[in-house]
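**Q** I am attaching a structure below and will ask some questions about it afterwards.
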């Protein structure tokens, strides 16, 4: 809106004393909308690079509110200026630790996130205990925030991660009831230990549990988990392999091409030790991949066709009847057209070579004047 635009461009000389007086005025605390407007001006000027550090004490006091919007703005301000106000940093930390004991889980999570984002000296002695408590909090929002804060703790003091066995604590959250907590825990352990370190915590029971809960995760996490399981899980028998494929079959019908590709990769990885089943798995993922190869997104089509080219090289004749899907379209960008032309050489056989050559001839024919 026009008023919002003016907020971020109109800065009058002497306005900081005015804002200081407004923040100290107890009468505006009774009007949350008016108090938000004052704090929005402070944060707005701060994002423009205007020095608002003179309001530090007032913004600390502004955290004493039940309004989450005001708290978020105050936390954003404090995390930005705490490093410049080292003499008041301890007051900021005590304020955030008090909020971390609040009964509202949203306040606890926001306070934990803010305290771990402070750039002040000796911060590690104050954040270890809140992180440990946050990892076992009853609220999933606090737990998922605490998991990400372990990565922040690593930046401050990596030895504390080992000392408090935070990797093992995060690994226990792989079986958490909240899918976002599980996804954050998997990501955090991989960042802390690498892929090989993560796979040490993914046993067969954990793999089966993640597969059964796959639909509960959002699309990015589904891709991430399928990529992990492609490395971690190998069925012990054909029956187990078919059961896993049945769980994955629903993912092949997903409207997100990344999820379909991740599921297709899982199909092929778990069956690679059985050549006859391996080819059947490739035939099973063929139609879903071809569908996404002709989708509306050029970027997604290019990635899917690249995968189809690799499959055509590994499984000769698999796409012989689907050669029409590789014909370049007029609307395709040049790099996608070149990729499809290269794919035609892999899918061509005696049955379709006449049509393929005819299509290639039309591509090299001079354009009509």
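Numbering (our numbering), first residue to last: 25 to 393. Positions of the beta carbon are idealized from the N, C-alpha and C atoms, including for glycine.
Residue 117: buried (16+ other C-beta within 10 angstroms of its C-beta) or exposed?
**A** For the purposes of this step, residue 117 is taken as residue 93 along the chain shown, with counting starting at 1. Under this definition residue 117 is a buried residue.
**Q** My understanding is that residue 399 touches residue 245, with C-beta atoms under 8 Å, so please give their C-beta distance in whole angstroms.
**A** This structure leaves residue 399 out entirely; the chain is present only between 25 and 393.
**Q** Are there 16 or more other CB atoms within 10 angstroms of the CB of residue 386, so buried, or fewer, so exposed?
**A** Here residue 386 refers to the residue found at position 362 when the chain shown is read from its first residue. Exposed, because fewer than 16 other Cβ atoms sit within 10 Å of the Cβ of residue 386.
**Q** Buried or exposed for residue 28, please, with buried defined as at least 16 other CB atoms from any protein chain shown within 10 angstroms of its CB.
**A** Taking the chain shown and counting its residues from 1, the one referred to as residue 28 is at position 4. At residue 28, the pLDDT of 44 sits below 50, so the modelled position is not reliable; the number obtained from the coordinates is stated separately. So residue 28 ends up on the exposed side.
**Q** With distances taken between CB atoms, is the gap from residue 360 to residue 329 smaller than 8 Å?
**A** Position 336 of the chain shown holds residue 360. Position 305 of the chain shown holds residue 329. Result yes, Cβ atoms of residue 360 and residue 329 sit closer than 8 Å.
**Q** How should residue 140 be labelled, buried or exposed, when 16 other C-beta atoms within 10 angstroms of its C-beta is the threshold for buried?
**A** Looking up residue 140 in the chain shown gives position 116. Buried, by the Cβ-count rule.
**Q** Which residues in the same chain have their Cβ closer than 6 Å to the Cβ of residue 372, if we skip the five residues on either side of it in sequence?
**A** Reading the chain shown from its first residue, position 348 is the one you call residue 372. Only 380 meet the Cβ criterion.
**Q** Would you be able to state if there are at least three C-beta pairs under 8 Å between the region 140-158 and the region 180-195?
**A** Yes, since at least three Cβ pairs between the region 180-195 and the region 140-158 fall closer than 8 Å, the two stretches touch.
**Q** Would you identify the three-state DSSP class for residue 10, choosing helix, strand or coil?
**A** Past the boundaries of the shown model lies residue 10; the chain is included only from 25 to 393, so the question cannot be answered.
**Q** Buried or exposed: which applies to residue 198, given that a residue is buried once 16 or more other Cβ atoms fall within 10 Å of its Cβ?
**A** Here residue 198 refers to the residue found at position 174 when the chain shown is read from its first residue. The residue in question, residue 198, is buried, as its Cβ has 16 or more Cβ neighbours within 10 Å.
**Q** So what does DSSP say about residue 225, is it helix, strand or coil?
**A** Against the chain shown, residue 225 aligns to sequence position 201. Coil, per DSSP.
**Q** Short of 6 Å in beta carbon distance, which residues of its chain neighbour residue 271, apart from the five on each side in sequence? Order them along the chain.
**A** Your numbering for residue 271 matches position 247 in the chain shown. Here the set comprises 235.
**Q** Which whole-angstrom value is the C-beta distance of residue 134 and residue 96, which I expect to be below 8 Å?
**A** Residue 134 sits at position 110 when you count from the first residue of the chain shown. Residue 96 sits at position 72 when you count from the first residue of the chain shown. So it is a contact: roughly 6 Å between Cβ atoms.
**Q** Taking all protein chains shown into account, do 16 or more other C-beta atoms lie within 10 angstroms of the C-beta of residue 66, making it buried, or fewer, making it exposed?
**A** As a first step, residue 66 is located in the chain shown; it is residue number 42 there, counting from the start. The residue is buried, with at least 16 neighbouring Cβ atoms inside 10 Å.
**Q** Within 10 angstroms of its Cβ, does residue 317 collect 16 or more other Cβ (buried), or is it exposed?
**A** Taking the chain shown and counting its residues from 1, one reaches residue 317 at position 293. By the 10 Å Cβ count, residue 317 comes out buried.
**Q** To the nearest angstrom, how far is the alpha carbon of residue 80 from that of residue 49?
**A** Start at 1 with the first residue of the chain shown, and residue 80 comes out as number 56. Start at 1 with the first residue of the chain shown, and residue 49 comes out as number 25. Their backbone Cα atoms lie some 15 Å apart in a straight line.
**Q** Let me know if residue 71 comes out buried or exposed under the rule of 16 or more other beta-carbons within 10 Å of its beta-carbon.
**A** As a first step, residue 71 must be located in the chain shown, where it is residue number 47. Counting Cβ neighbours within 10 Å, residue 71 comes out exposed, since fewer than 16 surround it.
**Q** Rounded C-beta distance between residue 101 and residue 83? I'm assuming under 8 Å.
**A** The residue given as residue 101 occupies position 77 in the chain shown. The residue given as residue 83 occupies position 59 in the chain shown. Going by Cβ atoms, the distance from residue 101 to residue 83 rounds to 5 Å, so yes, they are a contact pair.
**Q** Throw me the rounded Cβ distance for the residue 136 and residue 170 pair, which I believe falls under 8 Å.
**A** Here residue 136 corresponds to residue number 112 of the chain shown, with the count starting at 1. Here residue 170 corresponds to residue number 146 of the chain shown, with the count starting at 1. That pair is a contact at about 6 Å.
**Q** According to the neighbour-count rule (16 or more other Cβ atoms, all chains shown, within 10 Å of its Cβ), is residue 187 buried or exposed?
**A** Within the chain shown, the letter at position 163 stands for residue 187. Classification of residue 187: exposed, given that the 10 Å Cβ count is below 16.
**Q** Under a three-way DSSP split, which group does residue 344 fall into?
**A** Here residue 344 refers to the residue found at position 320 of the chain shown. Looking at residue 344 - three-state DSSP - the assignment turns out to be helix.
**Q** Provide the residue span of the alpha helix (DSSP H) that contains residue 289, from first to last.
**A** Within the chain shown, residue 289 is the residue found at index 265, counting from 1. That run of the alpha helix (DSSP H) goes 281-294.
**Q** Are the Cβ atoms of residue 78 and residue 40 separated by less than 8 Å?
**A** Stepping through the chain shown from its first residue, residue 78 is reached at position 54. Stepping through the chain shown from its first residue, residue 40 is reached at position 16. Result yes, Cβ atoms of residue 78 and residue 40 sit closer than 8 Å.
**Q** Quick check on residue 299: buried or exposed, where buried means 16 or more other Cβ atoms within 10 Å of its Cβ?
**A** As a first step, residue 299 is located in the chain shown; it is residue number 275 there, counting from the start. Exposed, by the Cβ-count rule.
**Q** How close, in whole Å, do the beta carbons of residue 174 and residue 212 come, if the pair is a contact with beta carbons under 8 Å?
**A** Start at 1 with the first residue of the chain shown, and residue 174 comes out as number 150. Start at 1 with the first residue of the chain shown, and residue 212 comes out as number 188. Right, their Cβ atoms sit about 6 Å apart.
**Q** Could you give the distance in angstroms between the alpha-carbon of residue 90 and the alpha-carbon of residue 123?
**A** Locating residue 90 in the chain shown gives position 66, where the first residue counts as 1. Locating residue 123 in the chain shown gives position 99, where the first residue counts as 1. Residue 90 and residue 123: Cα-Cα distance of roughly 10 Å.
**Q** Go to residue 196, then tell me how far its alpha helix (DSSP H) extends in each direction, as first and last residue.
**A** As a position in the chain shown, residue 196 is number 172, starting the count at 1. Start and end: 190-196.
**Q** Using a threshold of 8 Å, state whether the C-beta atoms of residue 216 and residue 256 are closer than that.
**A** Position 192 of the chain shown, counted from the first residue, corresponds to residue 216. Position 232 of the chain shown, counted from the first residue, corresponds to residue 256. Not closer than 8 Å, so no.
**Q** Rounded to the nearest angstrom, what separates residue 259 and residue 287 at their Cα positions?
**A** Sequence index remark: in the chain shown, residue 259 carries index 235 (1-based). Sequence index remark: in the chain shown, residue 287 carries index 263 (1-based). So the alpha carbons of these two residues sit roughly 16 Å apart.
**Q** When we look at the beta-carbon of residue 33 and count the other beta-carbons within 10 Å, is it buried (16 or more) or exposed?
**A** Taking the first residue of the chain shown as 1, we reach residue 33 at position 9. Residue placement at residue 33 cannot be trusted, given a pLDDT of 46 that sits under 50; what the coordinates show is reported in the next sentence. That one is exposed.
**Q** Less than 8 Å between the C-beta atoms of residue 166 and residue 125, yes or no?
**A** Residue 166 sits at position 142 when you count from the first residue of the chain shown. Residue 125 sits at position 101 when you count from the first residue of the chain shown. No, the pair does not count as a contact, with Cβ atoms beyond the cut-off.
**Q** What does the alpha-carbon distance come out to for the pair residue 265 and residue 228?
**A** Position 241 of the chain shown, counted from the first residue, corresponds to residue 265. Position 204 of the chain shown, counted from the first residue, corresponds to residue 228. Their backbone Cα atoms lie some 13 Å apart in a straight line.
**Q** Determine the direct distance from the alpha carbon of residue 109 to that of residue 63, and round the result to whole angstroms.
**A** Mapped onto the chain shown, residue 63 falls at position 39. Mapped onto the chain shown, residue 109 falls at position 85. The alpha-carbon atoms of residue 63 and residue 109 are separated by roughly 19 Å.
**Q** For residue 283, I'd like the list of residues in its chain whose CB is within less than 7 Å of its CB, leaving aside the five on either flank, ordered along the chain.
**A** Within the chain shown, the letter at position 259 stands for residue 283. So the qualifying residues of the chain are 243, 246, 247 and 275.
**Q** Closest by CA to residue 336, which one among 356, 354 and 366?
**A** The sequence position of residue 336 within the chain shown is 312, counting from 1. For the residues 356, 354 and 366, the minimum Cα distance to residue 336 belongs to 366.
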